[in-house]
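Read the structure below first, then the notes.
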């Protein structure tokens, strides 16, 4: 081989070597690019998985006793009927904010045809229901010690009017079939079932052949009803008409009943009958879940005159539901808040429900001090409730 042939061979060899290095470099680059592509794809997959997680949250609202004395309906009287709507004007926005709003309709709205009446046996105008509808109420409890005040016809008239208003009622029923109908309300993918019971009906006897007219507190029935409804809904709310009138703290009987309802599966328990605010409490069940209880929401609209009888509240609490990518569902309660209210009615006229914190503007000079007292009072059993001046 001459010198030039050797040179050419060497140059060609170098070219071949450089070309092979180039190919390897391209291969490495493509390999890195493929790794990045896979990594990005995995990130997209992860985002897709997260997007499959579903979280829903609603606010449940509640107010206490709608106890319509004659001074209340006379103040609502107009030239052609009754108008209770102005009484709710100052707090209506706080009632309309929740996704589901509950009220304790203490007096039957049997209408004028049955004769309007006040304490001790009440019968109220239909227009009470119209005002509740206007204020955003979705469901009312009718199980209380005054359920039978206007007899069976009072219940029939009241439930008929609530049906016309598309307000659900619970605790009193038109028939056996009506009693067997579940009271379930839906909002934002969350289902909430309602039950209601009373300790008694002031000595008035429920007809033996019509046990559906009003639901009494009976341990076995209470537990069975809660367990059955729990299988059909995300949350169970139980209204209990119990306790000692005008006592500001819960008694042992209330706590026993509440413990049984909680263990049976109640998520929220709303108490009534004392006509004054009683504190809130969180109860931890054996399975680790929690129940929120307010032993008495007090009077919301009434003609009662003592100071604490004129203080009620608007409760808001969040109900949360999450479904993960494994289709497992978790539930939670949070954000319990109550805004204390005051029943303003100078000389039993011009009835208005107003925020307690602002009651000094209406002549209650100790309003702010009273608000501070109620803040402490509502936290007697737990500090896991926020007492607020506005909602």
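Residue numbers (this note's numbering): 9 to 399.
Where is the CB? At the ideal position from N, CA and C, for every residue including glycine.
Values in this document were obtained by computation on a predicted structure and should not be read as measured data.
| query | result |
| --- | --- |
| Top-ranked residue by Cα proximity to residue 132, from 111, 90 and 340 | 90 |
| Selection from 68, 125, 81 and 380 that minimises the alpha carbon distance to residue 104 | 68 |
| Residue 297 beta carbon near the ligand PLP (any heavy atom closer than 7 Å) | The model on display carries no ligand, and the ligand PLP is accordingly not part of it. |
| Segments assigned alpha helix (DSSP H), at least 4 residues, entirely inside the region 267 to 316 | none |
| Buried/exposed call for residue 289, threshold 16 Cβ in 10 Å | buried |
| CA-to-CA distance, residue 332 to residue 200, given in whole angstroms | 20 Å |
| Per-residue DSSP class, three states only, for residue 335 | coil |
| N-terminal and C-terminal residue of the alpha helix (DSSP H) that residue 83 is part of | 78 to 84 |
| Neighbourhood of residue 156 by C-beta distance below 6 Å, restricted to the same chain and skipping five residues each side | 209 and 212 |
| C-alpha gap between residue 150 and residue 325, whole angstroms | 22 Å |
| Helix, strand or coil at residue 166 according to DSSP, with G and I counted as helix | helix |
| Identity of the residue in 233, 248, 221 and 198 nearest residue 242 by Cα | 198 |
| Residue 212 in three-state terms, based on DSSP | coil |
| Integer Cβ distance of residue 363 from residue 391, believed to fall under 8 Å | So it is not a contact: roughly 22 Å between Cβ atoms. |
| Inter-residue CB distance, residue 3 and residue 305 (contact presumed, cutoff 8 Å) | A question about residue 3 goes unanswered here, because the residues of the chain that appear run from 9 up to 399. |
| CB-CB length for residue 191 against residue 202, believed under 8 Å | 4 Å |
| Under 8 Å between C-beta atoms of residue 300 and residue 248 | no |
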